[in-house]
Amino acid sequence: MKYVTLLRANIKRQKGSFIGVFVLIFIITVALCAVLTIWKNSSEYEEEQIDRLGFGDVTSWVVGEQDEINVLLAQIEGTEGVGKAESQEVLYISYNVNGWEVTGGNGLAVKYPDTKYDYYIYKENLTGIEDNPENLQQGEMYVPPCFTTLYHARIGDKVEVEIAGEEDVEVFTIKGYFEDPVAGSSMMGLKTMLINGQDMERLTKRMADTGMGGYGAAIHIFKEEKGSALIELQKTLNEETELGRFGSFTYQKGTMMGFMLILQNIFSGFFLVFVLVLLVVAMLVLSHSIVSSIEQDYVDMGILKAVGFTKGMLQLIKILQYMTPILLGMGVGIPVSIPVISVINRITVPATGLMIPTVLPADVVAETLLLILLILTGFIFSKTAKIDKITPIRAIRGGAEDIYFKSRFTMPVRKKALHLHLALRQLVSGKKQYISAGLVTVLLVFFLSLTARIDAWLGPDGEGMLRSFNAVPYDMGVRILDREITKEEIETVIRGDSEIEDHYEYLIGRAELNGMNYMMNICENPEYYNILEGRTCLYDNEALLTEFVAGQLQVKPGDTVQVTCNGKTLDFIISGIYQCANDMGDNFGISKEGFARFGSGETDFFAYYRLHEPEKKGKIVENLTVVYGDRIQIDDNVWSGTDSILAAMEAIGILMYAVTVIFIFVVIIMTGSKILYREQSDLGIYKALGFSTGALRITFALRFTTVALIGAVLGCVFSAAFTDRIVGFFLKMAGISSFSSELGIWQMAFPALGVMMLFTLFAYASAGKIRKVEPRNLIGRD
Amino acid sequence: MKQKILKAVDVAKSFANNGGQNHVLNMVNMEVYEGDFTVIMGSSGAGKSTLLYALSGMDKPTGGKVYYKDSEVTGLSEKKMALLRAKEFGFVFQQSHLVSNLTLFENVAVTGYLSESKTAKEVNEKALELLRKMNVEKAKDRLPMQVSGGEAQRAAIARAMINDPGILFADEPTGALNKRNTEEVLHLLTALNKEGQSILMVTHDMRAAIHGNRFLYIEDGKIIGEMTMQPYGEEEAKMREKQIDAWLSSMLW
Numbered sequence: 001m002k003y004v005t006l007l008r009a010n011i012k013r014q015k016g017s018f019i020g021v022f023v024l025i026f027i028i029t030v031a032l033c034a035v036l037t038i039w040k041n042s043s044e045y046e047e048e049q050i051d052r053l054g055f056g057d058v059t060s061w062v063v064g065e066q067d068e069i070n071v072l073l074a075q076i077e078g079t080e081g082v083g084k085a086e087s088q089e090v091l092y093i094s095y096n097v098n099g100w101e102v103t104g105g106n107g108l109a110v111k112y113p114d115t116k117y118d119y120y121i122y123k124e125n126l127t128g129i130e131d132n133p134e135n136l137q138q139g140e141m142y143v144p145p146c147f148t149t150l151y152h153a154r155i156g157d158k159v160e161v162e163i164a165g166e167e168d169v170e171v172f173t174i175k176g177y178f179e180d181p182v183a184g185s186s187m188m189g190l191k192t193m194l195i196n197g198q199d200m201e202r203l204t205k206r207m208a209d210t211g212m213g214g215y216g217a218a219i220h221i222f223k224e225e226k227g228s229a230l231i232e233l234q235k236t237l238n239e240e241t242e243l244g245r246f247g248s249f250t251y252q253k254g255t256m257m258g259f260m261l262i263l264q265n266i267f268s269g270f271f272l273v274f275v276l277v278l279l280v281v282a283m284l285v286l287s288h289s290i291v292s293s294i295e296q297d298y299v300d301m302g303i304l305k306a307v308g309f310t311k312g313m314l315q316l317i318k319i320l321q322y323m324t325p326i327l328l329g330m331g332v333g334i335p336v337s338i339p340v341i342s343v344i345n346r347i348t349v350p351a352t353g354l355m356i357p358t359v360l361p362a363d364v365v366a367e368t369l370l371l372i373l374l375i376l377t378g379f380i381f382s383k384t385a386k387i388d389k390i391t392p393i394r395a396i397r398g399g400a401e402d403i404y405f406k407s408r409f410t411m412p413v414r415k416k417a418l419h420l421h422l423a424l425r426q427l428v429s430g431k432k433q434y435i436s437a438g439l440v441t442v443l444l445v446f447f448l449s450l451t452a453r454i455d456a457w458l459g460p461d462g463e464g465m466l467r468s469f470n471a472v473p474y475d476m477g478v479r480i481l482d483r484e485i486t487k488e489e490i491e492t493v494i495r496g497d498s499e500i501e502d503h504y505e506y507l508i509g510r511a512e513l514n515g516m517n518y519m520m521n522i523c524e525n526p527e528y529y530n531i532l533e534g535r536t537c538l539y540d541n542e543a544l545l546t547e548f549v550a551g552q553l554q555v556k557p558g559d560t561v562q563v564t565c566n567g568k569t570l571d572f573i574i575s576g577i578y579q580c581a582n583d584m585g586d587n588f589g590i591s592k593e594g595f596a597r598f599g600s601g602e603t604d605f606f607a608y609y610r611l612h613e614p615e616k617k618g619k620i621v622e623n624l625t626v627v628y629g630d631r632i633q634i635d636d637n638v639w640s641g642t643d644s645i646l647a648a649m650e651a652i653g654i655l656m657y658a659v660t661v662i663f664i665f666v667v668i669i670m671t672g673s674k675i676l677y678r679e680q681s682d683l684g685i686y687k688a689l690g691f692s693t694g695a696l697r698i699t700f701a702l703r704f705t706t707v708a709l710i711g712a713v714l715g716c717v718f719s720a721a722f723t724d725r726i727v728g729f730f731l732k733m734a735g736i737s738s739f740s741s742e743l744g745i746w747q748m749a750f751p752a753l754g755v756m757m758l759f760t761l762f763a764y765a766s767a768g769k770i771r772k773v774e775p776r777n778l779i780g781r782d
Numbered sequence: 001m002k003q004k005i006l007k008a009v010d011v012a013k014s015f016a017n018n019g020g021q022n023h024v025l026n027m028v029n030m031e032v033y034e035g036d037f038t039v040i041m042g043s044s045g046a047g048k049s050t051l052l053y054a055l056s057g058m059d060k061p062t063g064g065k066v067y068y069k070d071s072e073v074t075g076l077s078e079k080k081m082a083l084l085r086a087k088e089f090g091f092v093f094q095q096s097h098l099v100s101n102l103t104l105f106e107n108v109a110v111t112g113y114l115s116e117s118k119t120a121k122e123v124n125e126k127a128l129e130l131l132r133k134m135n136v137e138k139a140k141d142r143l144p145m146q147v148s149g150g151e152a153q154r155a156a157i158a159r160a161m162i163n164d165p166g167i168l169f170a171d172e173p174t175g176a177l178n179k180r181n182t183e184e185v186l187h188l189l190t191a192l193n194k195e196g197q198s199i200l201m202v203t204h205d206m207r208a209a210i211h212g213n214r215f216l217y218i219e220d221g222k223i224i225g226e227m228t229m230q231p232y233g234e235e236e237a238k239m240r241e242k243q244i245d246a247w248l249s250s251m252l253w
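Read top to bottom, the protein sequences are chains A and B. The first sequence runs contiguously to residue 782 in the numbering used here. The second sequence runs contiguously to residue 253 in the numbering used here.
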């Protein structure tokens, strides 16, 4: 009972600290549960769905006639290490939605319903999966939810599927959304669309009749249970079957999962670091609060010791005083995180393409929270250890030693800018009191500055990210499909709006590298490749590999690799490592001369242009489209998938600022109130001398402004020093091996100024308590 | 004819107490004259300090009015009151109440900086002069916790004098000092008064009271007696003590 009575009294007296700790731990718990749930559930769910749908350990998308595909299937089934192989009928289509034209067969039409491949259909408002989805009628289509963000397409909108150019199309109406665990993420260029079986047949026939072809299959290959590693299996398949001849692209299940989870993994990892930063912030605030509260309770504790309480009892009460709001914060945070996860899930479905279960992964959450609880308990235990030093005699003689103003380093007090000088003096005198606020500023500014650096790298339209995904820099590309059109004619149209700074030929293809299927970049001017190590591929027998491909194949610059293309295998020397995040970094680059060694003959390259006025690109594309229509193919270096990333970054930024505001508020309430309590007497004296409440509030706020200024500068410096390494670590998951950020003065100053302003405002508001400090409190009333 | 520097008209102060009201000051009417060393005496709980705080603007009376040099100060805003305290009122507390993180010199000078009429240089010179006068010049760069109670209290007097206040309020200024420091502080106050400084002091210590020349006796929140004497002279200390003692006895102290 004695514990309960004292605990209740302590909590009542220091309810500000109680509420503050509760709020901090509550936010951390909600954020942590949400991040852990999304991270854990998304990877588990993604794998479950790929398996449930019937996709293999390796899936190859091939183009060809039904008979040819059957032969290939038999070859694959007969390959050593293959357990079984199944073929799913697909139709490669080009399509147009709300003006967004997707060409190059980057659309896959798949039959629905299909007894073998049971796709999940979403409820209309994307809140769950339909139990009894409606079958598609002719002319109807289910699309992945990323269509809403990529093409702003809604239910009822039309999708034009090209049969033979822009003039001959079939129009489908979007009936709803479905879950595509293989290509449903907005990060992926390939998009699956479900159509009625009769539509599938008719489209196939019509496209075959017009010579457009497009028929093919997704071949799901399952390895034998005790078979070799997938990478070996893939090599064997390429060597022993005709897979390469079908212009296929092949992905392992893990790679497909990587593509699909790229957004979740990057942002979960990023946010997890933020939550850890918040945890450190909470510990700093806790430390300050505990030390101050012990000093505040010094006399009482001395008296309690005098009447028989032991150090252990008093320490236990103090530990319980802080563990109570921590446990409550966690207890309330866990259930609150469930609807939060639901909301995040609903908002992110269009970007992730997955309806991630909102059930908390009990094991991970419990283990993580328990670990945090243990850390905090140990931390509080160590901080409350100084209760041991309190002796009844010292307490009765006047409490804690006057340790606050022993600083040797003092700031002069001058008449000019008196408030600022006083603030600096108070700050220097009691610097220990402000260390936690300073460190909190360093951490928060560091993280906000880091976010700003990522934003700056992304650019307003995501061009920074596109630069990382592109193998070469360009503003736009044109491929002539009609041989009557000359390159000169095209360039005349372009020059109508902007001078051309440079142009070169470029093409993306696929080829095998040491038996593995990769995306292949071919560039007329290999000087444009972004080299990280070694040099570019100057000669026709040289190739560039990304860091990831080099890692997969265990090769390095100077080694020789075998490239198989057009049925010909040639040796290439690796001249260097380059940066290109396309296909999550699974690509390599060669020169146009190198490509010519495969005897590819007449290949229609894209002409890539670098414009003098890149801002005119939109108008140029419009003019070219009007003049040449579908007789040319235009690559305007715009990827609608960047919208999702920019939106996610914006949402994360807003969330971080919101959490930062709450944290600064709590930090000020907790540290400020303790400082005000301690300085009550000095404040009364200042008032008696003629200082107004306003003036004292300003000096109080200025102390925090100064601390925040120092913290903000350090935060910016740390951010400049460590951002590239930290962010680079996460971006490697997306195949971006090199991240280099630069920040303008204003972009750098904004988070720093924001945090400083918040500290100042909250400190000024919190110093409102000074109003209640009366000079008359300096004396005992007679 | 001496000028009235401070005047209280029907000043009342009450505090809420267990649902009722505790009337500490009951319609106090009094004046303080320029150049006087006025001493308010009374038994413990009579309302001496409460009256001092109400008169000096440290606390707001619940009734009545206070005039300083014929201007009402009771209704002044917090800001104007702070300005008045900075420029016109000096205050010496029972405890020195120096700002703990400022040196003795800074404690004095900071108050001077609030005055707009003096430059920083003038304030610094005056602060040094006052500290010299109060015999604490050697300790000027020390923090309050590094000096004795007497030195701190003398520095507090210097601080109270830095802006040449119209009136110096002193609330039991020797209450926390030993005998030697008490004597020193009282001599300083007397010396200031002799230079023309108006002083209003609350005390229940006879040794302190004899330094005054006008005495007010407060009982149950009312001024019930008044006595005047010639200004203090050291040689007549014993005689003054007897005279005041007799007066207090007549007040049933």
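In this text, a Cβ means the ideal position worked out from N, Cα and C, and glycines have one as well. In this text, all values refer to a predicted model and were calculated from it rather than measured experimentally.
Taking Cβ positions only, does A82/B come closer than 9 Å to chain A? yes
Mind pulling the chain B residues with CB within less than 9 Å of T693/A? E78, K79 and A82
Residues of the region 111-133 of chain B with a CB closer than 7 Å to any CB of chain A: list them in chain order, please. T111, Y113, L114, A120 and V123
Burial state of M239/B, where buried means 16 or more other Cβ atoms lie within 10 Å: exposed
Nearest candidate by alpha-carbon position, reference L369/A, set W639/A, E179/A and V275/A: V275/A
Relative to the C-alpha of M207/A, which residue among F729/A, V440/A and S94/A is closest? S94/A
Using a Cβ-Cβ distance cut-off of 9 Å, determine whether L655/A contacts chain B. no
Three-way DSSP call (helix, strand, coil) for K556/A in this model: coil
Supposed close pair I664/A, F750/A - CB separation, criterion 8 Å: About 15 Å separates the two Cβ atoms, so there is no contact after all.
Any residues in the region 756-775 of chain A with a beta carbon nearer than 9 Å to a beta carbon of chain B? Which ones, in chain order? R771, E774 and P775
Opening and closing residue of the alpha helix (DSSP H) in which E507/A lies: Looking at the sequence provided, one finds Leu at residue 507/A rather than Glu. Where L507/A is concerned, there is no enclosing alpha helix (DSSP H), although the beta strand (DSSP E) it sits in stretches over I500 to L513.
Residues of chain B with CB closer than 9 Å to the CB of Y686/A, please, in chain order. V99 and V110
Minimum length 4: unbroken alpha helix (DSSP H) runs contained in the region 405-459 of chain A: 418-429 and 431-458
Quick one: is Y53/B near chain A, going by C-beta distance under 9 Å? yes
With a cut-off of 9 Å, does the C-beta of Q680/A fall near any C-beta of chain B? no
Taking the alpha-carbon positions, what's the I224/B to I199/B distance? 20 Å
Would you list, in chain order, the members of the region 417-439 of chain A that have their beta-carbon closer than 8 Å to a beta-carbon of chain B? L418, L422, R425, Q426, S429 and G430
Just the Cα atoms here: how many angstroms apart are R8/A and K15/A? 10 Å
Using beta carbons (cut-off 9 Å, strictly below), is F215/B in contact with chain A? no
Would R142/B count as contacting chain A if we go by Cβ distances under 9 Å? no
Using 8 Å as the threshold, is the region 178-188 of chain A in touch with the region 115-123 of chain A, meaning 3 or more CB pairs across them? yes
What does K415/A reach in chain B if we use C-beta pairs closer than 7 Å? Y113, A120 and V123
What separation, rounded to the nearest whole angstrom, lies between the Cα atoms of W457/A and P145/A? 27 Å
Counting only C-beta atoms, is E106/B closer than 9 Å to chain A at any point? yes
By how many angstroms is the C-alpha of I157/B removed from the C-alpha of D171/B? 12 Å
Say yes only if the C-beta of G214/A is nearer than 8 Å to one or more non-hydrogen atoms of the ligand ATP, and no if none qualify. With respect to the ligand ATP, the structure shown offers nothing to examine, as it has no ligands at all.
For S148/B, name the three-state secondary structure that DSSP assigns. coil
Rounded Cβ spacing between N181/B and G149/B (contact assumed at less than 8 Å): 6 Å
Along chain A, which residues have their Cβ under 8 Å away from the Cβ of L102/B? V413 and R425
In the DSSP assignment, find the alpha helix (DSSP H) that holds R703/A and state where it starts and stops. T693 to L731
What number of angstroms, rounded off, separates the C-alpha of L376/A from the C-alpha of K386/A? 17 Å
Starting from Y215/A, follow the beta strand (DSSP E) in both directions and report where the run begins and ends. Y215 to K223
Test: G690/A CB closer than 9 Å to a CB of chain B: yes
Assigned secondary structure, A8/B (DSSP; H/G/I helix, E/B strand, else coil): strand
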